[in-house]
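Here the sequence shown stands for residues 0 to 904, numbered as in numbering that gives the first Met the number 0.
Glycine included, each C-beta is placed from N, C-alpha and C at the ideal position.
Fair warning: this is a prediction, and the values are worked out from it, not measured in the lab.
Have a look at the structure below before the remarks.
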Amino acid sequence: MTRKIIIAILTCLFLAILTYSYFNFRQIKSPVTNALHAIPENAALIIKINNAQTLINKINDGNIIWAELINTEFFSERDKELLFIDSIIKNNPTIREIMETQSSYLSMHKSGAQKVDFLFSVTMPPYTDQKDIHKIIFNNAAGWNVTSRSFNGIPVVNIQKQSSSINYSIVKGILIFSPSAILIEESINQINSGKSIDDNLAFQSIQATAGTKVSANFFINYTNLSQALSTFLSENHPATLNPLSGFANWAAWDLNIKPNAILLNGFSSSQDSSNNYLNLFGKQKPQGIELTRILPSNTANFMFYGFSNFSSFHRDYKEYRKKEYPLNEQLIHEFITKNGPDSESDIVSWISNEIAVGMLETANKNIQSHAFAVISASNLENAHKQLGKFTQNNGNSIETYKDFEIFELPIGNAFELILGSAFSNLTTPYYTNIGRYIVLGNSPVVLKVFINEFLADRTLKKDNQYITFAENISTDANIYAYFNVARSIEPYQDHLKEDYSNVITKHKELFRKFEAVGFQVNSDGKFFYNNFYLKYNPVYKQQSVSLWETQLDSTVSSKPELLTNHLNNSKEIFVQDDGNTIYLISNTGKILWKKQLEEKIISSVHQIDLFKNEKLQLLFNTSSKLYLLDRNGNDIEKYPVQFKHKATSALTLLDYENSNDYRIFITQSDNSIYNYSGSGELVRGFVPVNTEMPVYAPIQHTIVNGKDYLIAVDKTGKVYIFDRKGETKIKLKEKLIISDIHNNLFLEKGKDLSKTYLVSTDSSGTIIKLNLSDELEKINIGEFSYPHFFDYKNITGDNMKEYIFINGNKLHVFNQNKENLFKHEFNNPLNLQSQYFYFPDGNGKTGVTDVLAQEIYLFDEAGNLFDNFPLKGSTLFSIEDINQDNNLNIVVGSGRNIYLYQIIP
0 MTRKIIIAIL
10 TCLFLAILTY
20 SYFNFRQIKS
30 PVTNALHAIP
40 ENAALIIKIN
50 NAQTLINKIN
60 DGNIIWAELI
70 NTEFFSERDK
80 ELLFIDSIIK
90 NNPTIREIME
100 TQSSYLSMHK
110 SGAQKVDFLF
120 SVTMPPYTDQ
130 KDIHKIIFNN
140 AAGWNVTSRS
150 FNGIPVVNIQ
160 KQSSSINYSI
170 VKGILIFSPS
180 AILIEESINQ
190 INSGKSIDDN
200 LAFQSIQATA
210 GTKVSANFFI
220 NYTNLSQALS
230 TFLSENHPAT
240 LNPLSGFANW
250 AAWDLNIKPN
260 AILLNGFSSS
270 QDSSNNYLNL
280 FGKQKPQGIE
290 LTRILPSNTA
300 NFMFYGFSNF
310 SSFHRDYKEY
320 RKKEYPLNEQ
330 LIHEFITKNG
340 PDSESDIVSW
350 ISNEIAVGML
360 ETANKNIQSH
370 AFAVISASNL
380 ENAHKQLGKF
390 TQNNGNSIET
400 YKDFEIFELP
410 IGNAFELILG
420 SAFSNLTTPY
430 YTNIGRYIVL
440 GNSPVVLKVF
450 INEFLADRTL
460 KKDNQYITFA
470 ENISTDANIY
480 AYFNVARSIE
490 PYQDHLKEDY
500 SNVITKHKEL
510 FRKFEAVGFQ
520 VNSDGKFFYN
530 NFYLKYNPVY
540 KQQSVSLWET
550 QLDSTVSSKP
560 ELLTNHLNNS
570 KEIFVQDDGN
580 TIYLISNTGK
590 ILWKKQLEEK
600 IISSVHQIDL
610 FKNEKLQLLF
620 NTSSKLYLLD
630 RNGNDIEKYP
640 VQFKHKATSA
650 LTLLDYENSN
660 DYRIFITQSD
670 NSIYNYSGSG
680 ELVRGFVPVN
690 TEMPVYAPIQ
700 HTIVNGKDYL
710 IAVDKTGKVY
720 IFDRKGETKI
730 KLKEKLIISD
740 IHNNLFLEKG
750 KDLSKTYLVS
760 TDSSGTIIKL
770 NLSDELEKIN
780 IGEFSYPHFF
790 DYKNITGDNM
800 KEYIFINGNK
810 LHVFNQNKEN
820 LFKHEFNNPL
830 NLQSQYFYFP
840 DGNGKTGVTD
850 VLAQEIYLFD
860 EAGNLFDNFP
870 LKGSTLFSIE
880 DINQDNNLNI
890 VVGSGRNIYL
900 YQIIP
């Protein structure tokens, strides 16, 4: 219902009610009829308002949900209307008496193919003159266009102003309002037919269960509700709500409004003669919702089914399925023909008392990639035996992950065919078992998330927010739908028409404050008890669970680096722990090998093709040795190379002609720079470069006007520029002061020596730029304390590098005009350098690690924090598509674990 339509309805309604206190009542020619009789039989929802004053007070007085909703345009107008109505009721005793003694109805109806309309109906007091009501409405509708017409001899009045339009009529003592003229006519016909929803036996029985001492009752017709709500769905998802149509007949719920929650309690009815889904649970006793002990804490939603006797349920379901989905029977027959006469039994014979289907939180719209099913097994050995008949690899697992075996089931959508549409997102199933539960997903990745979260005790059962939420629902259920609103917005937003989807996009952060919705059904043999619970919780933090976690022997000490597997071009992870053990880990989290070193690696890990056969080796250095390993972790001949003196910097790897003829430069504690070949020998013809003081920054290299320049800067700032043979090329008088031995030295290449700069900062944060023509420039952007981290990168995509500082707990980014592009303040002092990554959009992303908080951050070029961040991590990290699936991954360490996350740029 639009804002203007509601305003018109409420205004006209209270104008009509005002006439009661101004005019003497005269008996209406037609006898007074119950307002319920005015509601057409296609009503999807009927709200019976028992006491308008009480309902308004509960909404306005301290209800946090309403206070939050009025921040939107739609509900802001509703709030004004409620305040207007409230003042009328409070200030007029006659109106107050009428609203306290007369029940009114608001009903929702599908109108046409793509629209929903509402009808408001209320019974007038027994002595009312219709002319007086019309007169008051006309007198108060100044500026509105008022017209009247006759429908089947009954006057119908239309009041219109600009795009707002309302229709009303009085029929047999019932005042009816609606924005839809067609709905008014249907209501008139309904009244004159002498028939009513009240004549429906199913409605009568459910109405008898409704509470009388509540502010409002909700009556739902499941079939009509499915049709009405379908008008909100996009053309791509027209059948999303089809199962609702045959769920049950009617429901009656009592409304209970709390400051931070809305509760609806009551019953649903399902006639024995109908083929309703709910009838299947008539003989099933509610079961404990135990599987939350393995559901990850970032579960977006799930549907739980509990059976006291699954075999009995499945027999009944097969009969239900034949009537409801006759076309599926042929597909099931084809499945059985292909897989054997017992294949359906093989899939269901081991099922015990619990099933859940759902999805994990995702930042994209791909529901299937995060879909799962969890099924309790009556006998785990039998479950594996029966499912093993379908598995690939002769019944053997395709992978073992943290001692959990993972199997592939090449049976397509067999679970959907056999067990129903709840399994529609399970199309390429894999499975494992956790405890007594079989866990299914469309890829091993989903199963690994379950395993990781279970082992880490990050489950719904242990989640504080879910624990608090679950206090308001029953611990047992036959059906339990849990929908975490905050975690489900993106994937399901695509199911709505564009207009409705845009509203959600505009107010996404507001919707995320509505933590979750729970709906339960419990059978008592005759009726089905219902419990609906909506909870407001503004504290929402999007979670991104790791795709896998791998535990090392000790705490992670290095940045996990991504290396290329030359056999298949996939990516692998290289890392070192605090016990100085190095590891190579596959892109699925499996440790391929590990090797004990004597000390920490102080360089990056480089890959070279030493033997020119397209097989790559791993090159790195510690302070004592230069290492070269093959992809299996074995030392290449002549390696490791023992340095005569301790290395003072990371190695610099060069391949001048791109011919795999490598040169490896290492600075050592004897104040000399050495040059090694790829085979680990000192290069003949190169004279070690002697420096006055130690060199801590890696050697820089550039080519200007066709000439090679190798550059080193010692501790005092003296610059050494030499050629491939170690001979001095340029002598500079100016010094380049580097603030800290851990700070980087940057080389900015230009078209000539005067445009080629060395860049760093001094201890106060002043930027020092020294060109190779011996000209020094100082740039003062601001005062920064010692120590600080400095970086010089282009992150805005404009080919101009930015000045980036980390000082204390702050990140600052300046452009070349000294303008502060963005800054961010963290909770703790930062003790690691920032990082930079270039995404497909061409812009740089800034990565920061807060070691004390064990959190990593990723900012875009404008300084906006990426969705899903911060993530758990305490080391520098790497970003790349390691699975070759067009999704970017983050690899980071924390504690003893390596984590792999997926991010959406």
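Determine the burial state of residue i: buried for a count of at least 16 other Cβ atoms within 10 Å of its Cβ, exposed for fewer.
i, result
"S269", "buried"
"K28", "In this prediction, K28 has a pLDDT of 44, which is less than 50 and means its spatial position is unreliable; what the coordinates show is noted afterwards. Counting Cβ neighbours within 10 Å, K28 comes out exposed, since fewer than 16 surround it."
"V604", "buried"
"Q834", "buried"
"Q641", "exposed"
"D253", "buried"
"R148", "exposed"
"L533", "buried"
"L617", "buried"
"D860", "Note on identity: in this sequence residue 860 is Glu, with Asp being the wrong assignment. With 16 or more Cβ atoms within 10 Å of its Cβ, E860 is classed as buried."
"M799", "exposed"
"D341", "exposed"
"N888", "buried"
"S759", "buried"
"S375", "buried"
"T1", "Low per-residue confidence applies at T1: pLDDT is 43, beneath 50, and the placement is therefore not dependable enough to give any value."
"Q667", "buried"
"K171", "buried"
"Q815", "exposed"
"T458", "buried"
Express the C-alpha separation of residue j and residue i in angstroms, rounding to a whole number.
i, j, result
"K109", "S273", "23 angstroms"
"E497", "T549", "42 angstroms"
"K460", "G517", "15 angstroms"
"N378", "N477", "21 angstroms"
"Q26", "K194", "Confidence at Q26 is low in this model, with a pLDDT of 40, below 50, so its placement is unreliable and the value that follows should be read with caution. The alpha-carbon atoms of Q26 and K194 are separated by roughly 24 angstroms."
"E360", "L279", "31 angstroms"
"I38", "E404", "58 angstroms"
"D797", "F858", "17 angstroms"
"F217", "S307", "30 angstroms"
"G872", "G892", "6 angstroms"
"I672", "L771", "20 angstroms"
"D790", "K822", "14 angstroms"
"A201", "N248", "7 angstroms"
"F876", "N779", "31 angstroms"
"D198", "I187", "17 angstroms"
Which residue's Cα is closest to the Cα of residue i: the options?
i, options, result
"A250", "S204, S214, F176 and S229", "S204"
"K160", "N144, G172 and V170", "N144"
"A696", "D713, D707, G684 and Y708", "D713"
"L744", "V373, H700, N863 and D880", "H700"
"S120", "S192, N33, E99 and I63", "N33"
"E854", "D884, K734, T458 and V890", "V890"
"E613", "N659, L652 and Y582", "N659"
"D707", "P786, I729 and T690", "I729"
"Y528", "F266, D577, I256 and N808", "F266"
(message) Within 8 angstroms, do at least three Cβ pairs link the region 426–433 to the region 389–408?
(response) yes
(request) Could you name each continuous alpha helix (DSSP H) segment of 4 residues or more that falls completely within the region 298–376, going from the start of the chain to the end? (result) 309–323, 325–338 and 342–347
(message) Taking contact to mean 3 or more Cβ pairs, one atom from each stretch, closer than 8 angstroms, check whether the region 314–332 and the region 456–472 are in contact.
(response) no
(message) Quick check for students: name the residue ranges of the beta strand (DSSP E) that lie wholly in the region 550–619, counting only runs of 3 or more.
(response) 560–563, 570–575, 580–584, 590–595 and 605–607
(request) Determine, using beta-carbon pairs with one atom in the region 519–528 and one in the region 470–486, whether at least three such pairs fall under 8 angstroms. (result) yes
(message) Under 8 angstroms: do the region 490–505 and the region 348–367 share three or more Cβ pairs, one atom per stretch?
(response) yes
(message) I'd like the ranges of any beta strand (DSSP E) spanning at least 3 consecutive residues and lying wholly in the region 456–498.
(response) 478–482
(message) Between the region 284–296 and the region 555–567, can you find at least three pairs of beta-carbon atoms closer than 8 angstroms?
(response) no
(request) Please specify which runs of the beta strand (DSSP E), each continuous and at least 3 residues long, are wholly inside the region 199–267, giving them in chain order. (result) 215–220 and 249–257
(message) When you compare the region 501–508 with the region 436–443, are there three or more beta-carbon pairs, one atom per stretch, that lie closer than 8 angstroms?
(response) As far as the Cβ criterion goes, the region 501–508 does not touch the region 436–443, which means the pair count is below three.
(request) List in chain order: all unbroken beta strand (DSSP E) runs of 3+ residues lying wholly within the region 768–807. (result) 775–778, 788–792 and 801–806
(message) Assess contact between the region 631–646 and the region 673–680, defined as three or more Cβ pairs (one per stretch) separated by less than 8 angstroms. Is contact present?
(response) Contact between the region 631–646 and the region 673–680 is present, because at least three Cβ pairs lie under 8 angstroms.
(message) Tell me whether the region 215–232 and the region 291–300 touch, counting them as touching only if at least three CB pairs, one residue from each stretch, are closer than 8 angstroms.
(response) no
(request) With a floor of 3 residues, list each beta strand (DSSP E) that falls wholly inside the region 685–757, ordered by position along the chain. (result) 699–703, 706–712, 718–721, 727–730 and 745–747
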